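Protein chains in written order, with our numbering: chain Y, 1 to 453; chain P, 1001 to 1282.
Working notes for the structure below.
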Amino acid sequence: MRARDPQKRRRDFKEVALGLTQAQAMKEAKRCLQCKKPKCVAGCPVEIDIPKFIAAIKAGDFKGGLGVIRNYNMLPAICGRVCPQENQCQGNCILSKKSKPVAIGALERFVADYEIKSKAKDEPVTIKPNGIKIAVIGSGPAGLTAAADLAKLGYEVTIFEALHEPGGVLTYGIPEFRLPKAIIHREIERIKKLGVKIVVNWVVGRTETIEELIAEEFRAVFVGVGAGSPKYMKIPGENLNNVYFASEFLTRVNLMKAHQFPAYDTPVKRAKRVAVVGGGNVAMDAARTAMRLGAEKVYIVYRRTEEEMPCRLEEVEHAKEEGIELVLLANPKEIIGDERGYVKAIKCDKMILCETDESGRRKPSCSGEEFILDVDQVIMAIGQTSNPILVKTISGLDLWGAGYIKTDYDGKTNIPGIFAGGDISTGAATVISAMGAGKRAARAIDGYIKSLR
Amino acid sequence: MFKILHRETVAPQVISMTIEAPYIARHAKAGNFVVIRINEKGERFPLTIADSDKEQGTITLLFQKIGKTTEVLGKMKTGSSIRDVVGPLGHETPIQEYGHCVLVGGGIGSATLFPILTALKEKKNKATTILGARTRDFLVWPDKFSKHADETLLTTDDGSSGRKGLVTDVLKEVIETETVHVVIAVGPVRMMQAVSALTKNYSIKTLVSLNPLMVEGTGMCGACRVTVGGVTRFACVEGPEFDAHEVDFQELANRLGFYRDEEMESLQKYKTTCKGKCKKTN
Ligand SMILES: Cc1cc2nc3c(=O)[nH]c(=O)nc-3n(C[C@H](O)[C@H](O)[C@H](O)COP(=O)(O)OP(=O)(O)OC[C@H]3O[C@@H](n4cnc5c(N)ncnc54)[C@H](O)[C@@H]3O)c2cc1C
Ligand SMILES: Cc1cc2nc3c(=O)[nH]c(=O)nc-3n(C[C@H](O)[C@H](O)[C@H](O)COP(=O)(O)OP(=O)(O)OC[C@H]3O[C@@H](n4cnc5c(N)ncnc54)[C@H](O)[C@@H]3O)c2cc1C
Ligand code: SF4
Ligand code: SF4
Ligand code: FES
């Protein structure tokens, strides 16, 4: 896909990837073999009829192509941009064996953007309201999708969101240069038009409990609160000044617009030499954000090799083009501070890769050597886990692992009327898998409500 | 939007504001706080729920004008509205039948102490409050405290009201003359640290309510982390109260000063561009 010049884009927040032109899209669509048993579909967590939407593009019917996708996926402009396609649809495409897979994600983005550009009006959906109230907790991709599907089935849906803006990670986590906020706003407006009410500044478990919501007005609840609590390494120096957890760093910039301080009131520290610890999308986003805030040098410190990095392929490629340096096989053991309590360096163990572990990746282990990087800021991006605020207040709810909600495939929990999905039931995953969970739960909630009659 | 129903200056630079927030009022407990964002460009910042009225559906906040955000909030008039208020957040204070409790407040710390005092009294505790300030005018809510506490002792740096000296001087006298079961201290970091050092000598259980920087206030960012007993804790969900004798006060002080330059810049810009007289609050 076309992208903006790295030298220019590394200092601003405008979108990096430019998307396909109409000619490029039609040319790419022609490459699809229209397989009878399409492997790509099996790789998509919501099983979009990929050959069908691509056939429409080939025929020049972009609106029709988008229509096919919308049957499965409410947020194509978003998924086309952020899905880890190389592990999902495209990774499975039959053409990837011999040459390059069809650029399914780029095509999906193309039809979604085409509609935005052509300023087409939404086709009105006819909804027969049934007057039954459902509460959705959390407005990330899981919650938004569940709410939209339930609204289309006639339910009166209210979303409760803890922050002052809806969108979940799409709003506070993923940066503007990768997913412009205007796109999220547009999708949220579309969902509101279906009659979904969004109440912000409402922390379920604190402002009101789930039990109160159910007792007062709601017949069923969908919990999509994500896995927002940052993990950290528990190494010396982690609480020094200028050590950020990626969630704070990204929230300050994405949600609070700290890069526009002092026009916006929230500050963020701009550093010269930054080490970002981790190898996922969050680490890439933090590193590229630090670069855009003016850093001279940004390192990504990761304990395995580039091959094992869990981030999207495109993200690490883009990061490298922007001048970010990968420091691989390195595991931080201490953050060193000065006498005022500010970061001045990070000390790491040099790692070697040994036998494969449960995740199928080779396990890093200490080589016995260590080294020091001089930096004035460290950003920890080693993962997120479940936030206990809500979960703790639901008595009798079955959990697994580090406080994730146990559900069946359809999102049913052990408590009748309470459903859950997305990162809070799977652990940190992807936008599209959270959406898939929201979709299945909406269907299951409809089944549950009908079974009550 | 959250409507301001009442506004009052209670001491120089200290304002109390009563806001319409029925759900928060219904669930507020002693020790809880709210996170506020005044307007579209505002920052998120925490204020303790200093009082609440379930019937009226209101909460009362007490704040000191120290930077841009609190300056702007302080200028807001009765009848106008705050854009975002979310809560109640944080753990509630563990209220038990302790016996004799001594509550120590420095300056704006009264905001946090007042609901704790009333909750402790409901549990039939004996409560002594010690409030300290620079001079008499700066004492916050001394009358409200004397109405509820068994004894209220005032101290000022210059002796203009109550005893001349520091809250720790008075606290020491109380400890040496009476049995004290628990001390709860809220105020500037250095004051809480001094109280903690004192009560540690006497092995008296002591709680402090910490005031680290916060962003969202629901455990999702880690901005508010403090070290307690050698372990990292998130003050917004696991606190803000902690066992004083375990707190790393130096780290807290360092972290509180992290954005000092930006805070000054923000306040200077606000004062020079509109001298606090702008119609728009951003
Ligand atoms: C920086 C970053 C980059 C990422 N990049 C990608 C990517 O490129 N591609 C990809 O597929 N995935 C990516 N992910 C992962 C993806 O964003 C998540 O898997 C997905 O957002 C999960 O969706 P969700 O709806 O379960 O939860 P979330 O998006 O986390 O939303 C949960 C919402 O619930 C709210 N909430 C929490 N508790 C409460 C409560 N008690 N009451 C009310 N509301 C509450 C939260 O404020 C939040 O808005 C990224 C994640 C991060 C953090
Ligand atoms: C749990 C908790 C309860 C609090 N309750 C009260 C209260 O009831 N009344 C009151 O007057 N103050 C209270 N504070 C402190 C209050 O949040 C700050 O005074 C306020 O944010 C200052 O903002 P400012 O822009 O006016 O000042 P700034 O110029 O931004 O900063 C002045 C000082 O305020 C502190 N501060 C700044 N931003 C924050 C932030 N986001 N979070 C915490 N502290 C910050 C810093 O230490 C700084 O030195 C509380 C803090 C916490 C953590
Ligand atoms: S939703 Fe994601 S995985 Fe599915 S087809 Fe689109 S880009 Fe591929
Ligand atoms: S597997 Fe590849 S070639 Fe086959 S239908 Fe899917 S996209 Fe087209
Ligand atoms: S303020 Fe974000 S975790 Fe406490």
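Built from N, CA and C at the ideal position, the CB exists for glycine as well.
Given the structure is predicted, the values throughout are model-derived calculations rather than measurements.
Residues E238, F245, M380, I382 of the same chain have their beta carbon placed closer than 8 Å to that of Y/Y232, with the five preceding and five following residues left out of the count. Judged by their CB atoms, Y/P230 and Y/I335 are not nearer to each other than the 8 Å cut-off.
Inclusion of P/A1185 and P/V1104 in the CB contact set at 8 Å is warranted, their separation being smaller than that value. Within 10 angstroms of the beta-carbon of Y/M256 lie 16 or more other beta-carbons, which makes it buried. Cβ proximity to chain P below 7 Å picks out A162, L163, H164 from the region 137-171 of chain Y. Here Y/W400 is bridged, per DSSP, to Y/Y404.
Taking 7 Å as the cut-off, one finds no heavy atom of ligand 5 near enough to the beta carbon of Y/E165. In this structure, Y/I372 and Y/A345 form a Cβ contact; the two beta carbons are roughly 5 Å apart against a cut-off of 8 Å.
Proximity of chain Y to P/E1265 at the Cβ level (cut-off 8 Å) is accounted for by P262, in chain order.
Distance from the C-beta of Y/C44 to the nearest heavy atom of ligand 3 is below 7 Å. Those residues of the region 202-219 of chain Y placed with their C-beta closer than 8 Å to a C-beta in chain P are W202, V203, R206, T207, E208, ordered along the chain.
Pairing P/C1236 with Y/E248 gives a Cβ-Cβ distance that is not under 8 Å.
Identification of chain P residues near Y/F245 by a Cβ-Cβ cut-off of 7 Å yields C1221, G1222, ordered along the chain. Within the region 266-293 of chain Y, the residues whose Cβ lies closer than 9 Å to some Cβ of chain P are T266, P267, V268, K269, listed in chain order. Any Cβ of chain P closer than 8 Å to the Cβ of Y/R31 would place that residue at the interface, and such an atom is absent.
Judged by DSSP in its simplified three-state form, P/H1148 adopts helix.
Going by DSSP, Y/K98 is part of the alpha helix (DSSP H) stretching over 95-98. Rounded to whole angstroms, the Cβ separation of P/P1012 and P/D1157 is 14 Å, and the two are not in contact under 8 Å. Residues of the same chain with a CB within less than 6 Å of the CB of P/L1153, apart from the 5 flanking positions on each side, are I1130, V1170 in chain order.
Straight-line measurement puts the Cα of Y/P180 at about 12 Å from the Cα of Y/L18. Y/A146 and Y/P6 have their C-alpha atoms some 38 Å from each other. Setting aside the 5 residues that flank it on each side, P/E1097 is surrounded in the same chain by K1123, K1124, N1125, each with a C-beta closer than 8 Å to its C-beta; the list follows chain order. Chain Y has a Cβ within less than 8 Å of the Cβ of P/G1087. When distances are taken from the beta-carbon of Y/P76 to the heavy atoms of ligand 4, even the shortest one reaches 7 Å or more. In terms of side-chain proximity, the C-beta atom of Y/Q34 is found no nearer than 7 Å to any non-hydrogen atom of ligand 3. The region 1205-1263 of chain P is shown to contain whole alpha helix (DSSP H) runs of 4 or more residues at 1235-1238, 1249-1256, in chain order. For Y/K197 against Y/V157, the beta-carbon gap comes to about 7 Å, under 8 Å, which counts as contact. In the DSSP assignment, Y/M380 forms a beta bridge with Y/F245, Y/V277. Burial check for Y/W400: the Cβ neighbour count within 10 Å stays below 16, so the residue is exposed.
Contact of Y/P230 with chain P is assigned, a C-beta pair being separated by under 8 Å. For the region 1087-1102 of chain P, the residues whose beta carbon sits under 7 Å from a beta carbon of chain Y are, in order, G1087, P1088, L1089. Around the Cβ of Y/V225, a 10 Å sphere holds 16 or more other Cβ atoms; the residue is buried. DSSP links Y/E325 through a beta bridge to Y/Y299.
Contact annotation: Y/I432 and Y/P51 have beta-carbon atoms that are not nearer than 8 Å.
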